[in-house]
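Participant: Sending over a structure as structure tokens; questions will come in a sec.
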Amino acid sequence: MRKRSGAVTESLDKHHEITSRKQRTRRPRSSASNCRDSRGLEELGSISRRRRDHSAHRREEGEKTSHKARARERAKHATQEGMATARERHATARLDSAPAAMADASANAQAAADASKQRVRAAMCMVLLTLQYGVQPLISKRFTGKYVIMTSAVLTCELVKCAAALVFMARDGTLWKLPKEWSFVDSLKASASPAAIYALQNTLLQLSYRNLDSLTFSLLNQTKLVFTAVFMFIILGSRQTKQQIGALFMLLIAAMLLSLGKTAPQQRGKQVAWESTLWLGIIPIISASVLSGLASTLCQWAAQVKRRSTYLMTLEMSTYGSLVLLISMWWSPDGVSIQKRGFFYGWTLLTFIPVIFNAFGGILVGLVTQYSGGIKKGFVIVSALLVTALLEVVVEGKPPSSYAIAALPLVVSSTIIHQNYPYKAKPKTA
1 MRKRSGAVTE SLDKHHEITS RKQRTRRPRS SASNCRDSRG LEELGSISRR
51 RRDHSAHRRE EGEKTSHKAR ARERAKHATQ EGMATARERH ATARLDSAPA
101 AMADASANAQ AAADASKQRV RAAMCMVLLT LQYGVQPLIS KRFTGKYVIM
151 TSAVLTCELV KCAAALVFMA RDGTLWKLPK EWSFVDSLKA SASPAAIYAL
201 QNTLLQLSYR NLDSLTFSLL NQTKLVFTAV FMFIILGSRQ TKQQIGALFM
251 LLIAAMLLSL GKTAPQQRGK QVAWESTLWL GIIPIISASV LSGLASTLCQ
301 WAAQVKRRST YLMTLEMSTY GSLVLLISMW WSPDGVSIQK RGFFYGWTLL
351 TFIPVIFNAF GGILVGLVTQ YSGGIKKGFV IVSALLVTAL LEVVVEGKPP
401 SSYAIAALPL VVSSTIIHQN YPYKAKPKTA
């Protein structure tokens, strides 16, 4: 150990000696070298400054670039957030509008289904009323005895109509609402006026029938179709196309032909003076046709515009008509006969068949007026004349008259034309 430490000490001493010798032999630096050193230092300083400036510039450029990148990132993020918000709003709006759209779609579907059901009901009521009108003359002739008092039959028919109306009202629930919703003033407006008009019309019909031959009476009685269309336009604003007007005139011709077929064998009727025929025959029958068109339009106005129940109107009109008949019985011949012989004089059980048929025909008239209108009811009446002629061929074996054969295509074609060419209101242009 001592030998190793001695060797180290000697090597250190030699190193110090050599170092000191070099320092003694080193020459002093000249001014030129000092200048070169100073220029070198300046160049180094400028280089370092340029490097620092370059680094600062690069840092500034980097900061600007990073600021722009951050701005772009923020804009992109904001755009994405806006798009996400818009999508959320759109989805929320769709979710919010979905129930309304579904409700509108279901409402439209329900309205279409209701309209389809109403068309089916209207067609069924028109067919049933046509059959009832067509069958009524035959069953009345067969089951009503010649000694039956007509006022008793009419009053019984009105009572049956009232009972049937009450049954239908109880079925659809409107009967139980009458104590709260029924008004005497509304009843007078909706039902009393048509009932009074129909009563006056029947009186005029009886007056004209006594002073006209059957042919003239039947032909002039068919003009109620035209007056119904006129009052429909005046009161309800219901327009008819050219095709429908032509169909109405075709139907009028068909009705006249059918009336000719029924009255041709009896046209050697009464021979009366012209003045009596004019004032007591023609004017009353034309007035009755006018009143028929007015009453039919008023019934349609109450049923379709005022939304009054058809069964309630039937009940009210039957009640008012029965009151008028009861009052008139005090001085009429039928009233005297009822007082002497009794209300059901000449009746049998079979007499109730035409009475009940006629009562349900009155119910169907109200339904046809509500669903289809008064003009369609005119088509039903004329078609019923044709049905009567055909039933006479089948039941009684009578050959069809040439008038009925000529009226058949007119009735069919006029019905098809009037149905397929309805009036369509033109859209208003700004």
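Going by the UniProt record's numbering, the sequence shown opens with residue 1, and the numbers climb by one from there.
In this text, a Cβ means the ideal position worked out from N, Cα and C, and glycines have one as well.
This structure is a prediction, so every number in the text was calculated from the model and none was measured.
1. What separation, rounded to the nearest whole angstrom, lies between the Cα atoms of R210 and Q304?
2. For N108, does the count of other Cβ atoms within 10 angstroms reach 16, so buried, or fall short, so exposed?
3. Exposed or buried, which one is residue 443 when buried takes at least 16 other CB atoms within 10 Å?
4. Spatial neighbours of L212 within its chain, please: C-beta separation below 6 Å, excluding the five flanking residues on both sides.
5. If you draw a straight line from the C-alpha of K224 to the C-alpha of L204, how long is it?
6. Are there 16 or more other CB atoms within 10 angstroms of the CB of V160, so buried, or fewer, so exposed?
7. Assuming Y403 and L252 make a contact with CB atoms under 8 Å, what is their CB distance in whole Å?
8. Since V324 and A199 are thought to touch, with beta carbons under 8 Å apart, how far apart are those beta carbons, to the nearest angstrom?
9. With a floor of 3 residues, list each beta strand (DSSP E) that falls wholly inside the region 217 to 287, ordered by position along the chain.
10. Alpha helix (DSSP H) containing L410: first to last residue?
11. Using 8 Å as the threshold, is the C-beta distance between G145 and G342 below it?
12. Between the alpha carbons of L410 and L386, how many angstroms are there, rounded?
13. Is the separation between the beta-carbon of F227 and that of S289 shorter than 8 Å?
14. Three or more C-beta pairs under 8 Å: does that hold for the region 165 to 176 against the region 305 to 316?
15. Assuming F379 and Q136 make a contact with CB atoms under 8 Å, what is their CB distance in whole Å?
16. Ignore the nearest five residues each way along the sequence and tell me which others in Q244's own chain have a CB closer than 8 Å to its CB.
17. What's the gap between the Cα of Q339 and the Cα of L220?
18. Candidates R59, E60, W301: which alpha carbon is nearest G237's?
19. Within 8 Å, do at least three Cβ pairs link the region 120 to 127 to the region 362 to 380?
20. Which residue's Cα is closest to the Cα of S191: L298, R50, G362, V394?
21. Leaving out five residues on either side along the sequence, give the residues of the same chain with a beta carbon under 8 Å from the beta carbon of Q118.
22. Assign F379 to one of three DSSP states: helix, strand, or coil.
23. Using 10 angstroms around the beta-carbon of S414, count the other beta-carbons present and answer buried if the total reaches 16, otherwise exposed.
24. Let me know the secondary structure DSSP gives V395 once reduced to three states.
25. Quick check: what's the CA-CA separation for A56 versus R50?
26. Would you mind stating whether Q201 and A115 have Cβ atoms separated by less than 8 Å?
27. Nearest by alpha-carbon distance to W330: which of T151, A113, L128 is it?
28. Suppose you measure from the CA of S46 to the CA of R74; what does that come to, to the nearest Å?
29. Check this for me: beta carbons of Q132 and G361, under 8 Å apart or not?
30. Evaluate S183 with the Cβ neighbour count: other Cβ atoms within 10 Å of its Cβ, from every protein chain shown; 16 or more gives buried, anything less gives exposed.
31. What do you get for K377, buried or exposed, if any count of 16 or more other CB atoms within 10 angstroms of its CB means buried?
32. Going along the chain, which residues of its own chain have a beta-carbon closer than 7 Å to the beta-carbon of T277, five neighbours each way excluded?
33. Is there at least one Cβ from chain B nearer than 8 Å to T314's Cβ?
Facilitator: To lay it out plainly:
1. 37 Å
2. exposed
3. For residue 443 there is no data in the structure shown, the boundaries of the chain being 1 and 430.
4. G281
5. 14 Å
6. buried
7. Contact doesn't hold; Cβ gap of about 14 Å is too wide.
8. 5 Å
9. none
10. 402 to 420
11. no
12. 11 Å
13. yes
14. yes
15. About 17 Å separates the two Cβ atoms, so there is no contact after all.
16. I417, H418, Y421, P422, Y423
17. 36 Å
18. W301
19. yes
20. L298
21. Y371
22. helix
23. buried
24. helix
25. 9 Å
26. no
27. T151
28. 40 Å
29. yes
30. exposed
31. buried
32. N211, L212
33. Considering every chain present, this structure includes no chain B. It has just one protein chain.
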